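**Student:**
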Amino acid sequence: MRLITFQPHRKLTLITPFALFLAAGFLVLFADSIMSYYFPLVVENTSGSNTLVGVIMAASSIMGLACDLIFPQLFQKRSWKFLLVSGIIISITFPITTNLGIAFSSVMIFLLASILWGIYYEFLSFSQQSFVVSTENRSDYSKDWGIISVLWGIGSLLGPILGSMLVHDTLLNSATIIVAIQLLSLIFAILLLYTVKHEKETSIESQAIKMSISKELIYWFVLFRRLWPPIMVGLAMFFINSTFWTLGGVFGEKILGDQGLDWLIMIMFVLPSIPGAIILARLKVNHHKKLLSEITLLLAGLSMGCIFLVQNDILLVLFLILLISFFLSFTWPLNESVYSDLSDRAGDSKLHITAITRANTSIGYIIGPLLAGALADGLGYYAAFSIIGLGVFFIAGILIVFTPKKLKVPQSKLEELNRM
Numbered sequence: 079m080r081l082i083t084f085q086p087h088r089k090l091t092l093i094t095p096f097a098l099f100l101a102a103g104f105l106v107l108f109a110d111s112i113m114s115y116y117f118p119l120v121v122e123n124t125s126g127s128n129t130l131v132g133v134i135m136a137a138s139s140i141m142g143l144a145c146d147l148i149f150p151q152l153f154q155k156r157s158w159k160f161l162l163v164s165g166i167i168i169s170i171t172f173p174i175t176t177n178l179g180i181a182f183s184s185v186m187i188f189l190l191a192s193i194l195w196g197i198y199y200e201f202l203s204f205s206q207q208s209f210v211v212s213t214e215n216r217s218d219y220s221k222d223w224g225i226i227s228v229l230w231g232i233g234s235l236l237g238p239i240l241g242s243m244l245v246h247d248t249l250l251n252s253a254t255i256i257v258a259i260q261l262l263s264l265i266f267a268i269l270l271l272y273t274v275k276h277e278k279e280t281s282i283e284s285q286a287i288k289m290s291i292s293k294e295l296i297y298w299f300v301l302f303r304r305l306w307p308p309i310m311v312g313l314a315m316f317f318i319n320s321t322f323w324t325l326g327g328v329f330g331e332k333i334l335g336d337q338g339l340d341w342l343i344m345i346m347f348v349l350p351s352i353p354g355a356i357i358l359a360r361l362k363v364n365h366h367k368k369l370l371s372e373i374t375l376l377l378a379g380l381s382m383g384c385i386f387l388v389q390n391d392i393l394l395v396l397f398l399i400l401l402i403s404f405f406l407s408f409t410w411p412l413n414e415s416v417y418s419d420l421s422d423r424a425g426d427s428k429l430h431i432t433a434i435t436r437a438n439t440s441i442g443y444i445i446g447p448l449l450a451g452a453l454a455d456g457l458g459y460y461a462a463f464s465i466i467g468l469g470v471f472f473i474a475g476i477l478i479v480f481t482p483k484k485l486k487v488p489q490s491k492l493e494e495l496n497r498m
């Protein structure tokens with residue numbers, strides 16, 4: 079596998095920049111998956127309200143949306159290296175503040191923890207997209223995102239199991255274990271900095287940074303008019319993801335807690351993402367990525383919409399959750415590959431494309447937890463899953479019908495904005 083384009087004659091080695099990036103990313107996202115299970119569960123146990131869990135979870139994404147507006151201008155001269163290391167360092171504050179919230183039974187400390195979560199996750203997400211575009215061949219994008227998705231799936235598979243154990247452990251032990259994983263990730267990231275010496279060059283001129291939220295919103299408006307299909311795919315996809323990461327742990331505890339299998343719902347949700355992503359990585363898809371992402375999103379939404387119909391059979395519920403995850407295991411890397419193609423073609427404006435695509439994730443994680451929490455409290459867990467799934471099904475259907483065959487990056491308009 080060709081990993082770095084600027085070293086065509088290097089010897090084959092397992093310790094490549096891409097491998098180190100995967101190691102650092104896997105560990106920090108593994109810690110994040112533990113916290114993704116652990117955090118909503120301890121907030122619900124403390125507050126007793128799914129709606130409040132949704133509000134606190136949404137705060138993370140509101141901060142993420144703010145970062146999406148600021149990062150493209152604030153860090154336009156910074157590489158993925160800075161973004162990666164900063165994200166890992168900030169991530170260490172999340173388990174610490176979460177356990178302080180438990181110790182003091184404080185909703186405000188939980189809120190602070192959620193805000194810190196939103197900040198570091200944006201750093202990591204920007205660094206991922208920037209790394210792939212800056213160091214990889216365009217023909218490898220779908221394969222690269224497939225590999226990243228496999229490792230993310232493995233971390234997400236192990237995270238709920240360890241998270242369910244840490245819920246019943248001491249606060250000191252739980253924080254120590256998670257921080258240790260994050261520090262190991264930081265070590266790999268530092269090794270990576272000394273491995274990658276060159277990247278694809280950009281032509282950003284040296285000039286003073288001028289922050290303008292209104293200008294960034296203009297970028298978003300220009301880009302959305304052309305790139306709305308993958309943006310909407312991302313938004314709908316994260317409606318599903320955020321629903322499971324908000325309600326999955328609590329739902330599992332309610333229906334399977336007596337059997338000691340409270341983690342099973344989330345395991346069923348992440349397990350099929352691994353074989354699906356492996357298939358995609360091996361296929362190395364370079365054509366029809368938009369259509370395939372929309373079709374798999376449609377099937378995921380349909381599967382989720384059927385959960386209410388089979389609520390009396392837990393085995394069928396688990397099977398549907400497996401199907402949802404399997405279909406999404408294609409949707410996410412295919413959509414990220416589309417973003418990478420667009421970012422590569424955007425040149426110096428690639429960070430603005432990353433920002434708007436990250437914004438749809440943030441919006442999905444704002445609306446999803448709020449809607450999921452309110453529906454679960456008002457109508458029950460099964461109805462909450464099905465209503466959101468059917469909504470995604472209809473969004474995907476509309477996208478399949480109206481998505482253009484070719485997405486064009488508005489180069490001239492972006493260059494004009496860059497000169498302003």
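Each residue of the sequence shown is one higher than the one before, counting from 79 in my numbering. For every residue, glycine included, the Cβ atom is placed at its ideal position computed from N, Cα and C. Just so we're clear, the structure is a prediction, and the values are computed from it rather than from any experiment.
1. Using 8 Å for Cβ pairs, my map puts Ser139 next to Ser440. What's the rounded Cβ distance?
2. Helix, strand or coil for Ser183 per DSSP?
3. Please list, in chain order, all residues of the same chain as Leu229 whose beta carbon is under 8 Å from its beta carbon, the five residues on each side excluded.
4. Quick check: what's the CA-CA separation for Pro238 versus Ile343?
5. So what does DSSP say about Tyr115, is it helix, strand or coil?
6. Give a yes or no on whether the C-beta atoms belonging to Trp298 and Ser212 are separated by under 8 Å.
7. Residue range of the alpha helix (DSSP H) that Gly446 falls in?
8. I need the straight-line Cα distance from Ile402 to Gly379, nearest angstrom please.
9. Going by DSSP, what residue range makes up the alpha helix (DSSP H) through Glu214?
10. What are the start and end residues of the alpha helix (DSSP H) that includes Pro150?
11. Give every residue of the same chain whose Cβ lies closer than 8 Å to the Cβ of Leu485, excluding the five residues on either side of it in the sequence, and list them in chain order.
12. CB-CB under 6 Å to Gly241, same chain, minus the five flanking residues each way: which ones, in chain order?
13. Is it buried or exposed, Tyr199, if we count other Cβ atoms within 10 angstroms and call 16 or more buried?
14. Go through its chain and collect everything with a Cβ distance to Ser351's Cβ below 6 Å, but skip five positions before and after it.
15. Taking buried to mean at least 16 other C-beta atoms within 10 Å of its own C-beta, is Gly165 buried or exposed?
16. Mind checking which residues open and close the alpha helix (DSSP H) that includes Phe347?
17. Going by beta carbon distance, what residues of the same chain come within less than 6 Å of Pro488, once the five residues before and after it are set aside?
18. What's the gap between the Cα of Gly132 and the Cα of Pro447?
19. Since Pro488 is in the alpha helix (DSSP H), which residue starts that stretch and which ends it?
**Tutor:** Once the coordinates are examined:
1. So it is a contact: roughly 4 Å between Cβ atoms.
2. Looking at Ser183 - three-state DSSP - the assignment turns out to be coil, as it is neither helix nor strand.
3. Closer than 8 Å at the Cβ level, and outside the excluded window around Leu229, lie Leu100, Gly103, Phe104, Leu107.
4. It is roughly 9 Å from the alpha-carbon of Pro238 to the alpha-carbon of Ile343.
5. Judged by DSSP in its simplified three-state form, Tyr115 adopts helix.
6. No Cβ-Cβ contact shorter than 8 Å links Trp298 with Ser212.
7. Note, Gly446: alpha helix (DSSP H), 428-457.
8. Our two residues, Ile402 and Gly379, have alpha carbons roughly 7 Å apart in a direct line.
9. No alpha helix (DSSP H) holds Glu214; DSSP gives it neither H nor E.
10. Where Pro150 is concerned, the enclosing alpha helix (DSSP H) stretches over 128-152.
11. Excluding positions up to five away in sequence, the list reads Arg304, Leu305, Pro307, Pro308, Lys368, Val416, Leu420.
12. The answer, listed in chain order, is Ile112, Tyr115, Tyr116.
13. By the 10 Å Cβ count, Tyr199 comes out buried.
14. Counting only Cβ-Cβ distances below 6 Å, and skipping sequence neighbours, we find Gly231, Ser403, Ser407.
15. Looking at its Cβ environment, which holds 16 or more other Cβ atoms inside 10 Å, Gly165 is buried.
16. Residues 342-348.
17. So the qualifying residues of the chain are Val300, Arg304.
18. The straight-line gap from Cα to Cα measures roughly 4 Å.
19. Counting along the chain, Pro488 falls outside any alpha helix (DSSP H), and DSSP gives it neither H nor E.
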